[in-house]
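Residue numbers (the working numbering): 2 to 398.
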Ligand SMILES: Cc1ncc(COP(=O)(O)O)c(C=O)c1O
């Protein structure tokens, strides 16, 4: 048989090892999975989608089912400009925004547009796995900066920049960060934009979970504080549904123009049907009507997980206290290896994501991520109860 692997590009070997593939693979039947950062399907507004999709196909097929301009349909762009103004207090100029096929595409476009092999970039440590994989495949030299309960340690970043580090950008997830669930404090937001402005470094702000605060309150986005040095990636995956594959990039016009040019080389345009569905749903007040229920659902899931952790976790285990989003981060005693413990947890009927893949280089061995978006409240309690046995054994090793 032909050895087709010989034809694969060098970058295919930069994507992460078998370990990662195993982690991301499905879990066996009967195992309660706390791995995927997926929205809960109960939040999908199916009745309204049913009506909107039928109406668009019937009345607007020439637009909704057609190719669209690379930067997005004019009416959808107008809606997104209005929405930025309404939710973030600043209206981008038309040249400062494009429609993307989700947040992940914006990450890929940033890689194509800004990263040459060996270029430095900065991420929070730990950070979003999908972004780390994309940055790795782009052959970036990724530097992790530690976090605390208030998010990225801006002082630690300042030290690195003062010492001469020149990253192409600083990638940050300010709200309910994936994988820690932490939120960057207001003071740190101001410090971060001032620091990056001073050094002429672009901030790449990923607001994937921003619209899911448990209590509805929000801090200003980095982009609204410093549109001159922040490129924001937004997505409708968590607030609408991921199948729509729709998001936006907002930022300095010259960066946005490069992203649009790169998009010509990828999918050329985001799907028209999804764009028009977001617009119709949004203009009719769908987000305002439905998001409160989604926020309440995730808040009560977190309350159930938090209570279960209090009830079942052995001493020596610490966890973050997210105020929104889908995930929580556990830190175990130094000697515990969450990768090695994973098979025992699966055997006990629960799956989590071990900490190391969220780190560049070493780190995260004694950490793990739990997602609380999908299991029911009763399942969350059972899952944490199942986790306690292997963790206790691991703590004692
Ligand atoms: C932090 C973060 N950014 C971006 C994404 C990608 O989202 P999208 O579905 O819009 O590509 C995710 C998905 O889980 C995420 O967690």
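Even for Gly, the Cβ is constructed at its ideal location relative to N, Cα and C.
Looking only at DSSP bridge pairs, what is residue i linked to?
i: residue 329; result: 371
i: residue 148; result: 153
i: residue 251; result: 98 and 233
i: residue 319; result: 332
i: residue 142; result: 121
i: residue 206; result: 173 and 233
i: residue 33; result: 351
i: residue 214; result: 325
i: residue 126; result: 147
Could you compute how far the alpha carbon of residue i sits from the alpha carbon of residue j?
i: residue 182; j: residue 355; result: 15 Å
i: residue 141; j: residue 272; result: 30 Å
i: residue 282; j: residue 49; result: 8 Å
i: residue 101; j: residue 78; result: 11 Å
i: residue 43; j: residue 6; result: 42 Å
i: residue 339; j: residue 36; result: 13 Å
i: residue 64; j: residue 344; result: 50 Å
i: residue 298; j: residue 216; result: 11 Å
i: residue 278; j: residue 73; result: 13 Å
i: residue 291; j: residue 46; result: 7 Å
i: residue 266; j: residue 55; result: 31 Å
i: residue 67; j: residue 280; result: 16 Å
i: residue 104; j: residue 255; result: 19 Å
i: residue 293; j: residue 174; result: 22 Å
i: residue 127; j: residue 365; result: 8 Å
i: residue 13; j: residue 286; result: 43 Å
i: residue 251; j: residue 219; result: 19 Å
i: residue 234; j: residue 2; result: 44 Å
i: residue 159; j: residue 269; result: 38 Å
i: residue 261; j: residue 71; result: 7 Å
i: residue 244; j: residue 164; result: 44 Å
i: residue 232; j: residue 394; result: 45 Å
i: residue 388; j: residue 60; result: 52 Å
i: residue 95; j: residue 311; result: 49 Å
i: residue 300; j: residue 264; result: 36 Å
i: residue 191; j: residue 206; result: 14 Å
i: residue 138; j: residue 363; result: 18 Å
i: residue 129; j: residue 157; result: 20 Å
Round the Cβ separation of residue i and residue j to the nearest angstrom and send it over; I've been treating them as touching at under 8 Å.
i: residue 91; j: residue 228; result: 6 Å
i: residue 155; j: residue 189; result: 5 Å
i: residue 172; j: residue 124; result: 5 Å
i: residue 249; j: residue 53; result: About 19 Å separates the two Cβ atoms, so there is no contact after all.
i: residue 475; j: residue 376; result: What the structure shows of the chain is the stretch from 2 to 398, and residue 475 is not part of that stretch, so it cannot be assessed.
i: residue 186; j: residue 145; result: So it is not a contact: roughly 19 Å between Cβ atoms.
i: residue 136; j: residue 112; result: 7 Å
i: residue 132; j: residue 166; result: The Cβ separation is near 19 Å, so there is no contact.
i: residue 324; j: residue 184; result: 6 Å
In or out: residue i buried (at least 16 other Cβ within 10 Å) or exposed?
i: residue 4; result: exposed
i: residue 214; result: buried
i: residue 336; result: exposed
i: residue 288; result: buried
i: residue 257; result: buried
i: residue 58; result: exposed
i: residue 276; result: buried
i: residue 85; result: buried
i: residue 40; result: buried
i: residue 149; result: exposed
i: residue 118; result: exposed
i: residue 115; result: buried
i: residue 341; result: exposed
i: residue 97; result: buried
i: residue 327; result: buried
Regarding residue i and ligand 2, is the C-beta to nearest heavy atom distance less than 7 Å?
i: residue 164; result: Of the ligands one can find in the structure shown, namely ligand 1, none is ligand 2.
So, do the stretch 186 to 205 and the stretch 315 to 333 have three or more beta carbon pairs nearer to each other than 8 Å? no
Does the stretch 29 to 43 come close enough to the stretch 345 to 360 to have 3 or more Cβ pairs within less than 8 Å? yes
If you pair each beta-carbon of the stretch 302 to 317 with each one of the stretch 374 to 388, do three or more pairs fall below 8 Å? yes
May I ask you to verify whether the stretch 81 to 96 touches the stretch 218 to 228, counting CB pairs closer than 8 Å and requiring at least 3? yes
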